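Undergrad: This structure is in structure tokens; I'll ask about it shortly.
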Ligand code: SER
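Residue numbers (the working numbering): 3 to 325.
Rendered as structure tokens:
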């Protein structure tokens, strides 16, 4: 099944891995990666078909969609939770205007599907924190979380009003060797980088702050599985997905097994409050039932794999500012 796919926010932590997976699956010539900056070196190396796009520019977005005869728009461009709290105005313009343009472009050009990620950040302090169900009170308190609720509600509105095939996943924290971009769950990536580079890490969350997480291969699998799921079987448009819950203290033992000298310290900052407004664990049974979601990686498998691949990335990116 060949699809032509355009990805916004394509050089983000998830985007760059997703673009490579889509190129493998649908053929390199059928995937268009876009982003605000000039082509990143990782895309140059892989000869990715890349165009600059500011998602706030509807005309530019439509032009690219038409010129490349796109079937599916994957709208990943977003300012994440921690960066959003530092600059709510920027987060508003990119996250809200950008998604509205993606919706309108999909509607006007009659594209086959629009996928846009939501997040555990769509939940808030009044959401039940343990085993948070799919259909539950949200009321987030970050600008990023509010933008995710906007994405879910507007996507569902366009689905019922115009029959637009909108689909969304509430990603948990996604762990991978790729550099993350301004989120509250980034500690679960920097801990590996710092363990490998300096054998110690100062964490910006308290040791027992549990959050739902998954390893990148599961994130990519969930995304492609939902995009390809039989539309007639979907009763929801937005789905909880998770693999495990993780607090900083849970990774200390597994990392010490590989790096015995590893030490951790805790200096919680403003991100602690964000983390405490999100669920500690979520119930993804709706995704399991409607399109067969099931993660492959548990904490030990993720840790082993991530240490291996992060050691390459950490060597190459020495000197990167660890948010
Ligand atoms: N990883 C994101 C963040 O921390 C959550 O979706 O902002």
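Beta carbons are placed, not taken as given, at the ideal position from N, Cα and C, and that holds for glycine. Everything numeric in this text was worked out from a predicted model, so none of it was measured.
Applying the 10 Å Cβ sphere with the 16-neighbour rule, what's the burial state of residue 180?
TA: buried
Undergrad: Checking 9 Å against the spacing of the C-beta atoms, do residue 219 and residue 268 come in under that value?
TA: For the 9 Å CB-CB criterion, residue 219 and residue 268 do not form a contact.
Undergrad: Identify which residue in 17, 280, 211 and 108 has its Cα closest to the Cα of residue 61.
TA: Nearest of 17, 280, 211 and 108 to residue 61, Cα basis: 108.
Undergrad: Are there 16 or more other CB atoms within 10 angstroms of the CB of residue 11, so buried, or fewer, so exposed?
TA: With 16 or more other Cβ atoms from the protein chains shown falling within 10 Å of its own Cβ, residue 11 counts as buried.
Undergrad: Inspect the CB distances between the region 140-151 and the region 203-216 and report whether three or more fall short of 8 Å.
TA: no
Undergrad: Have a look at the DSSP bridge pairing and note the partners of residue 238.
TA: The partner list for residue 238 (beta bridge, DSSP) is empty, contrary to what the question assumes.
Undergrad: Is residue 220 a contact residue of the ligand SER, with contact defined as CB to any heavy atom under 8 Å?
TA: no
Undergrad: Should residue 16 be labelled buried (16 or more other beta-carbon atoms within 10 Å of its own) or exposed?
TA: buried
Undergrad: Which residues does DSSP pair with residue 216 in a beta bridge?
TA: 176
Undergrad: Buried or exposed: residue 304, going by 16 or more other Cβ atoms within 10 Å of its Cβ?
TA: Counting Cβ neighbours within 10 Å, residue 304 comes out buried, since at least 16 surround it.
Undergrad: Taking 7 Å as the limit between beta carbons, can you name the residues of its chain near residue 90, skipping five residues before and five after?
TA: 145
Undergrad: Under a Cβ-count criterion, where at least 16 other Cβ atoms within 10 Å of its own Cβ denotes burial, should residue 194 be classed as buried or exposed?
TA: Result: buried.
Undergrad: Going by DSSP, which residues form a beta bridge with residue 109?
TA: Beta bridge pairing from DSSP links residue 109 with no other residue.
Undergrad: I'd like to confirm something about residue 83: is its beta-carbon nearer than 8 Å to some heavy atom of the ligand SER, or not?
TA: Yes.
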